[in-house]
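In what follows, a single structure is set out as structure tokens and then discussed.
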Amino acid sequence: MSTQDTDTFAEIKAPTNPFPGLRPFEFDESHLFFGRDGQSERLIGKLSRTRFLAVVGTSGSGKSSLVRAGLLPALLGGFMTSAGSDWRIAILRPGNDPISKLAAAINSPDVFGSEDEENKALQIAITEATLRRGSLGLVEAVRQSAQPEQENLLVVVDQFEELFRFAREASRKAKDEGERYQNEAAAFVKLLLEGHSQREVNIYVVLTMRSDFLGDCAEFWDLPEAVNEGQYLIPRLTRDQLREAITGPVAVAGGEITARLVTRLLNDIGDNQDQLPVLQHLLMRAWDEWKEKRLEVEVKDGDETVKKPHNEVHRGEAIDLCCYEAVGGMAEALSRHADEAYNELPDDRHRRIAETLFKALTEKGEDNREIRRPITLAEICAVSEAHAPEVKKVIETFRLPGRSFLMPPAGTPLDDNSLIDISHESLIRGWHRLREWVDEEAQAAREYRRLAETAELHLNKKAGLWGDPDLQLALAWQETNRPNQYWAVRYHPGFETAIAFLQASEKKRTDDEAGRERQQRAELEQAQALALAQQERAEAERQKVQEQQQRLEEQAKAASKLRRLIAALVVVLLFAMTAAAGALFLYGRANSAFHAADKARADAEFQRTIADKETEAAEIYARQAVDSARVAKEQKNLADRKQQESDESARKAEEQKQIAEQQKQEADKAKLIADEQRQIAVQQRRLAEEREETSRHLLYAASMNLAQKASEEGDSSRVQELLNAFLPASPIPESGDLRGFDWYYLWNHNYKDKAALKGHTNFIQSVAFSTDGKTLASASRDNTVMLWDVTTQQNLTTLKGHTSYLYSVAFSPDGKTLASAGDDQTVKLWDISTGENLATLKGHTRQIFSVAF
Numbered sequence: 014m015s016t017q018d019t020d021t022f023a024e025i026k027a028p029t030n031p032f033p034g035l036r037p038f039e040f041d042e043s044h045l046f047f048g049r050d051g052q053s054e055r056l057i058g059k060l061s062r063t064r065f066l067a068v069v070g071t072s073g074s075g076k077s078s079l080v081r082a083g084l085l086p087a088l089l090g091g092f093m094t095s096a097g098s099d100w101r102i103a104i105l106r107p108g109n110d111p112i113s114k115l116a117a118a119i120n121s122p123d124v125f126g127s128e129d130e131e132n133k134a135l136q137i138a139i140t141e142a143t144l145r146r147g148s149l150g151l152v153e154a155v156r157q158s159a160q161p162e163q164e165n166l167l168v169v170v171d172q173f174e175e176l177f178r179f180a181r182e183a184s185r186k187a188k189d190e191g192e193r194y195q196n197e198a199a200a201f202v203k204l205l206l207e208g209h210s211q212r213e214v215n216i217y218v219v220l221t222m223r224s225d226f227l228g229d230c231a232e233f234w235d236l237p238e239a240v241n242e243g244q245y246l247i248p249r250l251t252r253d254q255l256r257e258a259i260t261g262p263v264a265v266a267g268g269e270i271t272a273r274l275v276t277r278l279l280n281d282i283g284d285n286q287d288q289l290p291v292l293q294h295l296l297m298r299a300w301d302e303w304k305e306k307r308l309e310v311e312v313k314d315g316d317e318t319v320k321k322p323h324n325e326v327h328r329g330e331a332i333d334l335c336c337y338e339a340v341g342g343m344a345e346a347l348s349r350h351a352d353e354a355y356n357e358l359p360d361d362r363h364r365r366i367a368e369t370l371f372k373a374l375t376e377k378g379e380d381n382r383e384i385r386r387p388i389t390l391a392e393i394c395a396v397s398e399a400h401a402p403e404v405k406k407v408i409e410t411f412r413l414p415g416r417s418f419l420m421p422p423a424g425t426p427l428d429d430n431s432l433i434d435i436s437h438e439s440l441i442r443g444w445h446r447l448r449e450w451v452d453e454e455a456q457a458a459r460e461y462r463r464l465a466e467t468a469e470l471h472l473n474k475k476a477g478l479w480g481d482p483d484l485q486l487a488l489a490w491q492e493t494n495r496p497n498q499y500w501a502v503r504y505h506p507g508f509e510t511a512i513a514f515l516q517a518s519e520k521k522r523t524d525d526e527a528g529r530e531r532q533q534r535a536e537l538e539q540a541q542a543l544a545l546a547q548q549e550r551a552e553a554e555r556q557k558v559q560e561q562q563q564r565l566e567e568q569a570k571a572a573s574k575l576r577r578l579i580a581a582l583v584v585v586l587l588f589a590m591t592a593a594a595g596a597l598f599l600y601g602r603a604n605s606a607f608h609a610a611d612k613a614r615a616d617a618e619f620q621r622t623i624a625d626k627e628t629e630a631a632e633i634y635a636r637q638a639v640d641s642a643r644v645a646k647e648q649k650n651l652a653d654r655k656q657q658e659s660d661e662s663a664r665k666a667e668e669q670k671q672i673a674e675q676q677k678q679e680a681d682k683a684k685l686i687a688d689e690q691r692q693i694a695v696q697q698r699r700l701a702e703e704r705e706e707t708s709r710h711l712l713y714a715a716s717m718n719l720a721q722k723a724s725e726e727g728d729s730s731r732v733q734e735l736l737n738a739f740l741p742a743s744p745i746p747e748s749g750d751l752r753g754f755d756w757y758y759l760w761n762h763n764y765k766d767k768a769a770l771k772g773h774t775n776f777i778q779s780v781a782f783s784t785d786g787k788t789l790a791s792a793s794r795d796n797t798v799m800l801w802d803v804t805t806q807q808n809l810t811t812l813k814g815h816t817s818y819l820y821s822v823a824f825s826p827d828g829k830t831l832a833s834a835g836d837d838q839t840v841k842l843w844d845i846s847t848g849e850n851l852a853t854l855k856g857h858t859r860q861i862f863s864v865a866f
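Just so we're aligned: the sequence shown equals residues 14 to 866 in the working numbering.
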């Protein structure tokens, strides 16, 4: 961008839509940029004094728009009188290759580059090599470009916080990768700082940065000092300024807007200044709907609410509430518009690619803040396992004119190295579907990191393989997310180790379950065999009893025959006795028959003897029959009992089998319940952690508001009390440190110029704060180091031992040791608590100008 760009002001025409949506205002839209009166002048004043300007503000506060549509036109209009109006402006975002991006920006056609693509590529390569040669590489590159003496180069680094993001990203992938990027980031910062601080060529530097990343500036030498010197914190817009930002573009574009809609918009915004991009998007949509009237509006029809076409409802020529309601209002306009693009995708595959794309481009930081994460087109293809034309189709759908959800803007050609990004963090907060995706991605990342860390411990024999419910949760995560190496490297480099651990855990569970099934099967077979054996024994007993019953029946039949025989013998005996009686009668009548009668009597006696014997035998047989019948009955009863016992054993065996089956079912059910309870417990723990984190942030915000109020009222002790509550527990701040720009601003403001610390008798060459901010060390040309209590401004102790001027002093990270060095060519280490000289380091042959831990 050069001075000839000012000619475009003469060619401005009324735009089709005066609102940019989520993207920032550009240079050629400065005539539509309202509500920031006087801010561009203050930016110019600060930039003129320091040649380094850090435009700082919250997400959505308008940093990029203020620089592009406010500062740049003012510079090209000659408002910085000390520098004139001849400017070459190189705009870049650091991304994941900041020095290469700087080389490309310097060699754009509007700066020092060629229109010819072949020459441009060569120029970029030469410039990049020059930039990498040393800290004065930017100065050298400008010299090589033969910039006229009266011209100025302005380097605008938009979204400077990307530098910190990509440094952390690289360190996640691998240690050497993290160190490489950290070194490149440090070199990039050094190029900017050296470029603006020298006066041989006219180089100015402007950064835009989110205020919640201010603390990260301390990662680079001299950057905090430069930011403090050249910082411009974007102020909040007043209600009148917001009104101007709404009505001004409408008037320039030849439209009208009703007063009631303006009031509604101002009330919607309220104190939420981070909603400015959402407001711009809503106004863009309302303008289009005012022109096209293609949507439906909910209206009251008696007691019912019905939807009617907008063109039937709209009355008048101005943009009105019906346009606002048709697009969804502040709460829904952004989400509906994004869903509209999502639903336009041709099929489910493209929608899955869109989900993977937006999950890759966004993330929720450790402090739950929304973070953009630009990546290249090639990386998106790898993560989503899709071809470039498919991914480009999705990107084009979301960056059509009037949408601008993705960057680079519509019309910019895409290749594998193109950096894709969402246009603003507001999209994460405003698009309901994306908010759910971000939460799902954060949960998936937590589960993967836990898996990968456990896998590393297992590899080092410090943890065992997983079982349920951990294993089941991990397998469900794998099935749902289907991760690959390209996705996983973003969160933890040990993907292959993690998957191998998961597979080994699953195999162990399968083997264990197979073993348990074998054992249960063996136990069941054993129980079945026992029941079968009992049934066989019962059957044998039953057969034995039947045989005994059969024998008893035969014996009973024999006894019955015997009884019939005895009865016959008794009849015979009666006949015999009758015959004997007849014989005796005949004996009395006739002597002639005496001998015959004697013989008959003898025969009858003989027969009676035989009958007596047979009767005795029959009685014996009868008694035996009765005994046999009794024994047979007893054996039958015994057989019946054996049968009952056998039946009872079979029934018990069947019951045991059913109990075993029931116990197995109950065990499976208990396992499912345990899995569900585990998942519920995990969710409850996660919700509790999120609630605790939210409470901490709310407490922090409330405390900072109270501290700000106390500062304005001059109550320094109250400010100190509120600020001290958020000092880290250890000298080295941990990841849970909530302190942001507001804390450091209030801390510096509370102590700035509050007291003059006097005691040295010569120039003070260096000062340093302890890591907890409570102690200050000062090194002087009077050969001493003094330690001061920051709160009371009292001198704690004076460290003596150097024999000449002191130039540098530094605290150790744990705050227990102090190092000092100077003109006597030695470094001395001091114990902070006792003031004792711990050691004197010798070896330098000239003055020592700097020390650091």
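We treat Cβ as the ideally placed atom computed from N, Cα and C, and that holds for glycine.
From a predicted model like this one, the values you see are computed outputs, not experimental measurements.
Beta-carbon proximity of residue i to residue j, cut-off 8 angstroms
{"i": "serine 791", "j": "histidine 773", "result": "yes"}
{"i": "phenylalanine 46", "j": "serine 78", "result": "yes"}
{"i": "threonine 143", "j": "glutamate 153", "result": "yes"}
{"i": "asparagine 215", "j": "asparagine 165", "result": "yes"}
{"i": "alanine 465", "j": "alanine 517", "result": "no"}
{"i": "alanine 87", "j": "serine 53", "result": "yes"}
{"i": "histidine 350", "j": "lysine 406", "result": "no"}
{"i": "aspartate 281", "j": "methionine 343", "result": "yes"}
{"i": "valine 69", "j": "leucine 255", "result": "no"}
{"i": "asparagine 494", "j": "alanine 457", "result": "yes"}
Cβ distance (whole Å) where residue i is taken to contact residue j below 8 angstroms
{"i": "arginine 55", "j": "valine 218", "result": "The Cβ separation is near 17 angstroms, so there is no contact."}
{"i": "lysine 76", "j": "isoleucine 247", "result": "6 angstroms"}
{"i": "proline 753", "j": "serine 224", "result": "The displayed chain sequence assigns glycine, not proline, to residue 753. Contact holds; Cβ gap of about 7 angstroms."}
{"i": "glycine 51", "j": "valine 291", "result": "So it is not a contact: roughly 25 angstroms between Cβ atoms."}
{"i": "methionine 799", "j": "threonine 784", "result": "About 19 angstroms; that fails the 8 angstroms criterion."}
{"i": "leucine 115", "j": "tryptophan 100", "result": "Leucine 115 to tryptophan 100, Cβ: 17 angstroms. No contact."}
{"i": "serine 439", "j": "leucine 751", "result": "Incorrect: roughly 23 angstroms between the Cβ atoms, too far for contact."}
{"i": "aspartate 681", "j": "methionine 717", "result": "Rounded, the Cβ-Cβ distance is 54 angstroms, inconsistent with contact."}
{"i": "alanine 873", "j": "phenylalanine 233", "result": "The shown model of the chain, from 14 to 866, leaves out residue 873, and the question about it has no answer."}
{"i": "serine 436", "j": "methionine 420", "result": "5 angstroms"}
Residues bridged to residue i [DSSP beta-bridge criterion]
{"i": "arginine 101", "result": "Leu166"}
{"i": "glycine 261", "result": "Glycine 261 is not bridged to any residue."}
{"i": "asparagine 1", "result": "Outside the shown range of the chain, which is 14 to 866, sits residue 1, and nothing can be said about it."}
{"i": "serine 793", "result": "Ile777"}
{"i": "isoleucine 384", "result": "Glu376"}
{"i": "glutamate 309", "result": "Pro322"}
{"i": "glycine 835", "result": "Leu819"}
{"i": "tryptophan 801", "result": "Leu789 and Asn808"}
{"i": "histidine 217", "result": "Here residue 217 is tyrosine; the residue named in the question, histidine, does not match the sequence. Tyrosine 217 pairs with Leu167."}
{"i": "methionine 420", "result": "Asp434"}
{"i": "isoleucine 366", "result": "DSSP output for isoleucine 366 lists no bridge partner at all."}
{"i": "isoleucine 57", "result": "Isoleucine 57 is not bridged to any residue."}
Where residue i sits in the DSSP three-state scheme
{"i": "serine 779", "result": "strand"}
{"i": "leucine 135", "result": "helix"}
{"i": "proline 33", "result": "coil"}
{"i": "tyrosine 504", "result": "coil"}
{"i": "glutamine 244", "result": "strand"}
{"i": "alanine 67", "result": "strand"}
{"i": "glutamine 696", "result": "helix"}
{"i": "lysine 405", "result": "helix"}
{"i": "lysine 574", "result": "helix"}
{"i": "lysine 771", "result": "coil"}
{"i": "methionine 222", "result": "strand"}
{"i": "lysine 670", "result": "helix"}
For the structure I just gave you, are there three or more beta carbon pairs, one from the region 352-371 and one from the region 441-452, closer than 8 angstroms?
yes
Below 8 angstroms, can you find three or more Cβ-Cβ pairs linking the region 295-311 to the region 327-338?
Output reads yes: the region 327-338 touches the region 295-311.
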